Amino acid sequence: MLYYIEKIVSIHAYTISCLFNTGEVRDVDFTDIIEKYKKINDGLISELVDEEFFKSVQLDSYGTLQWNNGVDFDPDNLYKRSKKQIVTIQ
C-alpha cells in the first residue's frame, strides 16, 4: 500500500499528528532527525530546529509534509516511523 497524508491534525514541539489515507491518526516525531542534522548543520533539515519554522509545515499535493525551504519527506517513510495515536474513551 502506498501511504499519504490527508490532513495535518496538530503540531506539538517536533511531533506532527497526521491523518493518513488508512484512516489512522498517527504521530510523526522528528526529534531524532532534527538532532542529527542540527549537529552537522546541513543548512536545510537543520533549519527545522527553529520551532516556529518547524510549525510552518504544509501538506503538499503529493500527500506529504513540506517546508518552504524545500525540505520534504517520503510519506511511506513517515508512516513507517510514525506511531498510531491511542484514543481512550471515557
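The opening position of the sequence shown corresponds to residue 0 in numbering that gives the first Met the number 0, with each subsequent residue numbered one higher. No residue lacks a Cβ here, since even glycine has one placed at the ideal position from N, Cα and C. These numbers come from a predicted model, not from an experiment.
Exposed unless 16 or more other CB atoms sit within 10 angstroms - verdict on residue i
{"i": "SER81", "result": "buried"}
{"i": "LEU64", "result": "buried"}
{"i": "LEU43", "result": "exposed"}
{"i": "ILE33", "result": "buried"}
Residue i and residue j closer than 8 Å at C-beta
{"i": "GLY62", "j": "GLU23", "result": "no"}
{"i": "PHE53", "j": "TYR13", "result": "yes"}
{"i": "TYR2", "j": "ASP49", "result": "no"}
Nearest-angstrom beta carbon gap, residue j and residue i [assumed within contact, 8 Å]
{"i": "LEU77", "j": "VAL27", "result": "5 Å"}
{"i": "ASN68", "j": "GLU51", "result": "Wrong, their Cβ atoms sit about 13 Å apart, outside the cutoff."}
{"i": "VAL56", "j": "ILE15", "result": "6 Å"}
Where the alpha helix (DSSP H) through residue i begins and ends
{"i": "LYS79", "result": "74 to 80"}
{"i": "GLU50", "result": "50 to 53"}
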